[in-house]
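So that you can map any letter, position 63 of the sequence shown is 61 in the numbering used here, and since no number is skipped, the others follow by simple counting.
Cβ coordinates follow ideal geometry from the N, Cα and C atoms, glycine included.
These numbers come from a predicted model, not from an experiment.
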Amino acid sequence: DAFNTTTAGDAFDFGDASAARYNNGFGGCASATRGVIADGTATEYVIFSSSGGANDFGDHRVVSGSGAAIGHAADGVRGLLAGGYNAPLNLNTIDFITIATTGNSSSFGEFDDGSTGGYSPMASPTRAVFARGGQNLNFINFTSGGKTQIFGDMRGDSRVSHIASCSSSTRGIMAGGEAPSRVNTITFITLATLGNGTDFGDLLAGRNDHDAVSSSTRGFIVAGNNGSITNSIDFITFSSAGNAQDFGDLTQ
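Rendered as structure tokens:
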């Protein structure tokens, strides 16, 4: 599906991936012109200006099979694929791709605190931040790679998993999740400043198994389960803390 981020309304059909999937970790990263969707099954890309089917991009260097729990972040040029599950092992590795050039992922770094997956990623033009319920917020710089460093702490947050996240160039939000039942909480961080999440507002309803995408000014929390399977889209404006508003619906 796709939708125009500036005007509230329903999504429209964009095209199809090469196969139907339902994996935690089948997310993506993007430049201004191309979106890359990746898990251990396949790494594919679409061109935003041309609706249609996805195209083969390459393979993940380490993850194969379901590839669950990969975290994805990008600075518009380089995409990071963080952690994941490669049966029977959880991975603490971070790989990278160059979004404009098809090919397999390459080694970039690793999580220094032993984190292995279930990430909620956010990014500025210079750093990627990975949140994980009940553990640390970790960050890594796009230009240097290596080991992650501690950004903040999620242990004071009641949520333990299934947090959807997205960001503008300056602020990241973490929305919904399980604590352990689903919640409507939204917290935010300032990406240039180390620290813990701060209250931003609330979703229209508690959600889990959802996802989030963003424009430069708005964050969109999509689909998931709010007591039943939902196709609804909530949105927030990054510059103004407050509760989410209704945007529209996905096609299914």
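Check, Outcome
"Cβ-Cβ distance between aspartate 247 and leucine 202 below 9 Å", "no"
"Buried versus exposed, by CB contacts within 10 Å (16 or more), threonine 183", "buried"
"Nearest to arginine 153 (by Cα), restricted to the options Arg169, Gly26, Gln133, Ser159", "Gln133"
"Run of the beta strand (DSSP E) containing glycine 7, from where it starts to where it stops", "Here glycine 7 belongs to no beta strand (DSSP E), and DSSP marks it neither H nor E."
"Length-filtered (3 minimum) beta strand (DSSP E) runs lying within the stretch 102 to 178", "104 to 108, 118 to 121, 125 to 129, 134 to 139, 147 to 151, 162 to 165, 169 to 173"
"Inter-stretch contact (C-beta, 8 Å, three-pair minimum) for the stretch 154 to 162 and the stretch 134 to 144", "no"
"Residues bridged to glutamine 252 [DSSP beta-bridge criterion]", "Outside the shown range of the chain (-1 to 250) lies residue 252, about which nothing can therefore be said."
"Threonine 261 vs phenylalanine 55 beta-carbon contact at 9 Å", "Outside the shown range of the chain (-1 to 250) lies residue 261, about which nothing can therefore be said."
"Check whether glycine 204 and asparagine 224 have beta carbons under 9 Å apart", "yes"
"Span of the beta strand (DSSP E) around histidine 70", "69 to 72"
"Where phenylalanine 218 sits in the DSSP three-state scheme", "strand"
"Exposure label - asparagine 252; buried when at least 16 CB within 10 Å", "No statement about residue 252 is possible, as the shown extent of the chain runs from -1 to 250 and does not include it."
"Asparagine 90 versus alanine 40: straight-line alpha-carbon distance, rounded", "20 Å"
"Whole-number beta carbon distance between alanine 36 and leucine 79, since they are thought to touch under 8 Å", "6 Å"
"Bridge-paired residues (DSSP) for serine 212", "Gly217"
"Straight-line gap, phenylalanine 106 to histidine 70 (C-alpha atoms, nearest Å)", "13 Å"
"C-beta atoms of serine 163 and phenylalanine 236 nearer than 9 Å", "no"
"When Ser48, Gly50, Thr215, Gly175 are compared against threonine 5, the one with the closest alpha-carbon", "Thr215"
"Distance between beta carbons of leucine 192 and methionine 120, contact taken as under 8 Å", "Rounded, the Cβ-Cβ distance is 13 Å, inconsistent with contact."
"Which residues DSSP lists as bridging aspartate 54, in chain order", "Glu42"
"Check whether isoleucine 234 and alanine 221 have beta carbons under 9 Å apart", "no"
"Classification of serine 142 by the beta-carbon crowding that lies within 10 angstroms, buried from 16 upward", "exposed"
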